[in-house]
Structures are given as C-alpha cells and as structure tokens.
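Heads up, the thing below is written out as structure tokens.
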Amino acid sequence: MTFPDFGLSADERREAVLGHYYERPGMDGERGEIWCYTDRISYAPGETVTLHVSSTAPRYALEVVRDGRTEAVVLREEGLAARWQDTPDQCSVLGCGWAASHAFRIPEDWPSGGYRVTLRAEGRDGAPIACHHLFIVRPVPGRRPGRILQVAATGSWTAYNTWGGSNHYQGITGPDRNQYAPTVSIERPFCRGFVVLPQDAPRIPLEVPVPPATPPRYPHMEWAYANGYSKKYASSGWASYDGHFFRWAERAGYAVDLASQHELHFRPEILDGYDCVVFIGHDEYWTWEMRDAIDEYVGRGGRAARFAANFMWQTRLEDEGRRQVCYKYRARAEDPLYGTGRQSRTTTSWEAPEVGRPGAATFGLNATRGLYVGWGGCAPRGVRGFPVYRPEHWAFAGTGLYYGDLLGAESHVFGYEVDGVDYVIRGGLPEPTGEGGAPDGLEILALGMSSLKEESADIPADDQFLSDADARFVAETLVGDQTPASVDKVKRGAGMIATFRRGGGEVFHAGSCEWVAGLLRRDPMVERVTANVLDRYLGR
Ligand SMILES: [Fe+2]
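Residue numbers (the numbering used here): 7 to 546.
Next comes the structure, spelled out in structure tokens:
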C-alpha cells in the first residue's frame with residue numbers, strides 16, 4: 007500500500023498542503039454558483055430560519071433533511087427566487103451581509119437535531135449546481151430524563167470555515183492579505199465538505215504505512231485540492247465529526263438532543279434537564295462562559311462525556327454570537343484585553359499564565375500536553391489506538407481488554423490531535439503529576455504518545471506543514487521563552503482516557519479527535535466503551 011496521488015503532480019500536491027485556497031464568490035466561473043447561510047447556528051422549535059442566498063440562477067429548490075438515524079426530508083420548496091448578491095472582500099471577518107432571501111418557521115414537532123439544507127439550481131451551462139448548509143434545532147429547556155445532550159463543536163466549525171478566504175488558521179486579512187483572521191463571522195456559507203462528504207473522503211490520520219525516511223504526505227488535503235473541497239474539510243464540521251456520533255447514537259437506541267456551543271454561552275440553563283452531556287470530535291474553541299456552564303453543571307451532579315480533543319483556545323463572542331474572536335499566536339501582541347484588568351479573557355491558550363484556567367480543570371486534560379499523532383512529522387507511525395493501563399475500570403467492562411492492549415487500533419481512534427496531562431509511570435501505571443491543573447482524583451485509564459513538534463530529519467524545512475510553530479508557541483506561553491531547551495521541555499505529549507469526579511458529578515474524557523472513527527467504522531470495543539459511559543451516566 008502506498009500513498010494515493012489523486013492525479014496530482016508533485017507541485018500540485020505541495021500547493022494542496024502549503025497553499026491557501028478557499029471558497030469565494032465567482033470561483034466556479036462560467037458554470038455559475040449558488041451559496042447560502044442561515045442567520046443563526048441554532049433555533050428553538052417555533053422560531054424562524056432566515057436563509058441568505060446568492061446565486062447566478064434566478065430560481066432554486068430548497069430541501070431540508072434531518073440527518074439522524076434516518077435521513078428524513080422535512081421540508082421541500084420549489085421555484086424560490088434568488089439573485090446574485092455583492093459580497094465584501096473581508097466577508098469572513100465582517101459577514102457576507104446578503105439580504106434575506108427566504109424564511110420558514112420551524113414547526114413545534116421537529117425533533118432536536120442537525121438539519122441539512124440543500125439548495126439546487128441550474129448552472130449557466132444547464133448543468134445542476136448545489137450548495138449545503140446545516141442548522142441545529144435545539145431542545146426547549148425542561149427535564150429530559152434518559153436523554154443525551156450532544157453539544158456540537160460549533161466554535162471549531164466557525165474557526166476552521168475557509169469560506170471567504172480567512173479563518174483562524176490562514177487568511178487574506180492584514181496589509182499584505184496573508185494573515186489569519188482573529189475575528190471570524192458566522193454569517194457566511196460553510197466551506198465545501200463541512201455538511202456532506204463522499205464516503206471515500208480521507209480522514210486525517212494516515213492509513214498508509216509510512217516507508218523508511220519518507221517525507222510526510224497529506225492525503226486529506228491532496229484529496230480536497232483534487233476534488234474541490236475545503237482544505238479544512240477533515241479538520242472540523244458536521245460531516246467529519248459531530249454527525250457521525252449523532253447518527254450512531256440514534257441508531258444504537260439512544261435518545262439524543264443537539265445544541266450548539268452558543269447554548270452553553272447564552273442559555274446554559276438548557277443543561278439542567280440532562281443527566282449526560284456529550285462532546286465529540288475536534289473541539290478546540292470555547293469561551294469562558296461555556297466553561298462556567300459545564301463546571302457548574304458537573305458540580306451540581308451532571309455527567310460530562312467528552313469523546314473529543316484539542317481543548318486549546320479561549321474565544322470571545324461579539325454581536326450576540328455572530329462573530330468569534332481568537333487572536334491565538336498573536337494574542338500578547340494584539341488582543342486588546344492582554345495587559346488590562348480583564349486579561350484573564352485574553353484569547354490565547356487556556357494554560358497561559360495571563361488566563362490561568364487550564365483546560366484540565368474542566369475536562370481533566372489539556373491540549374498543550376497532548377497534540378499531534380498520526381500525521382505529518384508527528385508520530386506518523388505512532389499507535390493507532392489507546393494503550394490500555396487500567397483494563398479493570400468500569401469503562402472497559404465487557405470489552406475483554408487486557409493491560410497493554412490497544413483500544414480502537416483497528417478503527418484508528420487515536421489521532422490526529424489528542425489531549426493529555428503531565429504524568430509519571432509508577433509500577434507500570436500512569437499517574438498525573440498534578441502540574442498543569444489536573445484535578446484531584448484524576449485517574450488515567452489509557453495513554454499513548456504524541457508530539458508537539460514536527461521533527462525534521464527527513465523533511466526539507468520548506469516542506470514542513472506542522473513545523474515547530476506550536477511547540478515554540480507553547481514554550482513561550484508556558485515556560486516564557488522559545489529557546490531550544492524550553493521547546494524540548496514541552497514537545498513530548500500524550501493522549502489519554504481519563505476520568506474524575508467533582509462535586510456530585512463526573513467527567514469521562516477520551517481525549518482524541520478520532521474517537522468517532524471507531525463508531526463510524528463500527529469497532530465493537532469502541533462502541534462498547536462508549537455505551538458503558540453513556541449507560542452509566544444516564545443511570546441505565
Ligand atoms: Fe486543532
């Protein structure tokens with residue numbers, strides 16, 4: 007088995023990984039285009055969804071599907087009017103500002119969940135054109151015994167959305183139009199691949215054994231480039247992460263409600279009705295208020311199950327949640343709150359001293375003590391499952407796992423970003439050192455190695471994608487400088503399964519983005535552990 011090349015030349019492959027390409031109005035040229043977004047991420051039953059559409063076609067058809075146990079068409083409308091609408095150059099930052107095109111009311115009987123919007127129209131050449139969006143119907147507050155509340159990682163969706171040219175990673179902002187945007191808007195379409203994906207779209211962790219002394223390849227970005235999808239389709243979104251859990255859980259017989267992270271921020275009382283709240287996939291961007299909501303929920307006796315990783319950045323919300331702010335690597339230089347009386351809200355790593363609220367205090371593990379595995383020059387031949395240290399724990403009941411086994415290696419659940427804490431191994435068992443804010447009583451059940459730095463032995467410096475940028479940032483943030491000695495201190499990480507109790511509640515954290523791959527690929531042991539956690543937390 008070798009790396010697929012998707013028909014790309016070496017130069018095209020390089021552009022696929024290191025270049026900046028993104029969805030923008032006019033990108034499909036003569037064929038024509040249709041794009042849309044909704045005015046909000048989530049709605050309660052009875053509220054009105056406003057669609058903002060820009061299209062080269064004068065008419066389009068609308069279809070809304072609830073994407074759960076089955077794909078149920080809940081709304082279909084034909085012959086709706088559209089027009090081409092002007093889009094500001096900095097739409098990723100400011101929002102597209104398109105006029106409202108259509109609106110519909112959510113009936114009271116639409117169950118909570120993810121609702122996929124598809125618009126279809128005719129291109130200028132007569133061939134079909136289409137676009138996809140997704141909105142969340144949230145539950146109404148109230149007691150919901152026996153039901154799970156899944157909180158979609160919408161902060162990451164917003165951060166990674168490439169539509170319009172700027173996100174929290176790359177961008178067309180700044181004087182030379184080459185900077186990532188510290189502020190991004192939700193008032194723009196989702197990039198291609200966030201809502202629906204073909205089954206053969208590669209996930210990020212490498213499925214190909216890497217030959218000796220080989221520079222890394224990035225099948226997901228190469229596939230994206232070759233097939234017209236977003237460079238970030240595999241990093242975030244409903245199609246790669248949240249949707250897989252939602253569908254799996256409904257099919258496995260669980261009753262699941264869906265909320266966005268905006269609910270944690272603006273309507274935390276929504277948590278009160280649930281015995282179990284779940285987080286999935288690549289869950290990287292949170293506000294202070296969102297963490298307060300979960301900390302208080304667990305303190306009151308709630309149970310939080312996090313099958314997710316990369317709890318990294320503090321964000322702020324502006325304009326009632328329409329804009330997300332995260333200065334990240336530039337926070338100390340540019341975030342206006344840094345160095346002020348409100349500097350704990352600086353939009354940087356949770357572990358930065360100016361913030362002083364390690365992620366581990368909420369979910370047991372930190373991003374800065376974990377990070378990359380299974381791609382680039384970061385453990386490309388690393389373990390594909392969680393090495394198990396405490397097989398006797400209730401979470402592993404019925405799996406038949408032994409000490410030293412790998413959980414989920416067949417389905418590749420370990421990667422591509424993982425969360426951990428500083429630890430020692432004593433008597434063959436890992437224990438948290440307590441450094442980095444690990445909560446009292448944190449028990450580490452499984453642990454695999456990861457890396458924060460792309461070691462470059464076989465990679466020309468110009469070809470590094472991950473490089474040492476994150477390691478230098480973490481060294482600067484945690485140690486105070488970027489010297490080689492400081493980088494060396496922080497560069498070795500681990501991904502963990504860990505659990506702890508706080509107040510009357512409990513947290514279970516399988517700290518890997520790819521846990522959901524085990525559910526998607528129907529790995530019986532990963533399904534069993536997931537069910538063990540959900541059943542216990544639901545009191546089944
Ligand atoms: Fe990430």
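Don't be surprised by glycine CBs; every beta carbon is placed ideally from N, CA and C.
Out of the options, point me to the one whose CA is closest to residue i's CA.
i    : options                   : result
S473 : Y231, E460, A16 and V485  : E460
R209 : H418, K497 and L448       : H418
R37  : R72, D131, C97 and V123   : D131
D17  : Y231, A315, D115 and D73  : Y231
E29  : G152, F196, L125 and A88  : F196
V493 : A481, Y378 and Y27        : A481
G129 : T352, R65 and P151        : R65
Q156 : E520, V389, F285 and T353 : F285
P466 : M227, T76, Y409 and A219  : A219
A265 : G171, V304, T368 and R153 : R153
V304 : E533, G510 and T489       : G510
G443 : S457, G426, M455 and E398 : G426
R253 : S98, Y121, E449 and Y409  : Y121
E21  : E533, V485 and F471       : F471
R336 : Y27, S162 and D476        : D476
F369 : E357, P445 and E398       : P445
F110 : P51, D92 and F506         : P51
A158 : C42, L100, F251 and Y543  : F251
A415 : H271, E437, F392 and Y186 : F392
G410 : G249, P222, Y422 and V389 : V389
L544 : D92, N173, Y280 and G148  : Y280
N233 : L57, G345 and D34         : D34
D468 : F12, V23 and D11          : V23
P221 : R508, L458, R19 and P490  : R19
P397 : T374, A452, Y378 and L86  : A452
S48  : E520, G327 and A366       : G327
F506 : T56, D11 and G447         : G447
G171 : R527, V262, P94 and F514  : P94
Y272 : E290, N167 and R144       : The sequence shown places Phe at residue 272, rather than the Tyr named in the question. Nearest of E290, N167 and R144 to F272, Cα basis: R144.
T124 : Q91, L81, L458 and P151   : L81
R75  : V262, Y43 and A245        : V262
Taking the alpha-carbon positions, what's the residue i to residue j distance?
i    : j    : result
Q320 : S191 : 16 Å
N184 : D341 : 19 Å
C102 : L407 : 51 Å
A67  : Q205 : 25 Å
P117 : G524 : 26 Å
Y260 : L435 : 34 Å
W294 : I300 : 10 Å
H226 : K334 : 25 Å
H26  : V331 : 21 Å
V59  : P134 : 16 Å
Y395 : W163 : 33 Å
T354 : H268 : 19 Å
H108 : Q96  : 24 Å
C282 : R257 : 18 Å
P31  : S98  : 12 Å
L203 : S236 : 11 Å
E357 : G365 : 7 Å
E114 : D11  : 49 Å
W292 : G161 : 6 Å
A315 : N372 : 9 Å
Would residue i pass as a contact of residue j if the rule is Cβ separation under 7 Å?
i    : j    : result
G380 : P211 : yes
S518 : V424 : yes
E39  : T54  : no
G501 : G383 : no
S462 : G499 : no
G199 : Y239 : yes
A339 : N538 : no
Name the two residues that bound the continuous beta strand (DSSP E) containing residue i.
i    : result
V216 : First-last for V216: undefined, no H or E at that position.
Q320 : W319 to E324
E398 : Element bounds for E398: n/a, residue is neither H nor E.
G511 : G511 to A516
S61  : T54 to S61
For residue i, is the beta carbon positioned less than 6 Å from some heavy atom of ligand 2?
i    : result
W356 : This structure lacks ligand 2; its bound ligands are ligand 1.
7 Å is my cut-off, CB to CB: does residue i come that close to chain D?
i    : result
V283 : The displayed structure is made up of one protein chain only, and chain D is not part of it.
The alpha helix (DSSP H) that contains residue i, what's its start and end?
i    : result
I300 : W294 to G305
A207 : From DSSP, A207 is part of no alpha helix (DSSP H); its letter is neither H nor E.
H271 : Q267 to F272
N233 : P225 to N233
H20  : Inspection of the sequence shows that residue 20 is occupied by Arg rather than by His. It spans A16 to L24 - the alpha helix (DSSP H) in which R20 sits, taken as one unbroken run.
C530 : In the sequence on display, residue 530 carries Pro and not Cys. Its alpha helix (DSSP H) spans residues P530 to L544.
C97  : C97 to L100
W41  : No alpha helix (DSSP H) holds W41; the beta strand (DSSP E) holding it covers I40 to T44.
A339 : A337 to E340
Which residues have their C-beta within less than 7 Å of a heavy atom of ligand 1, listed in chain order? Here the residues close to ligand 1, judged by CB distance below 7 Å to any of its heavy atoms, are S241, H288, E290, N316, M318 and E423 in chain order.
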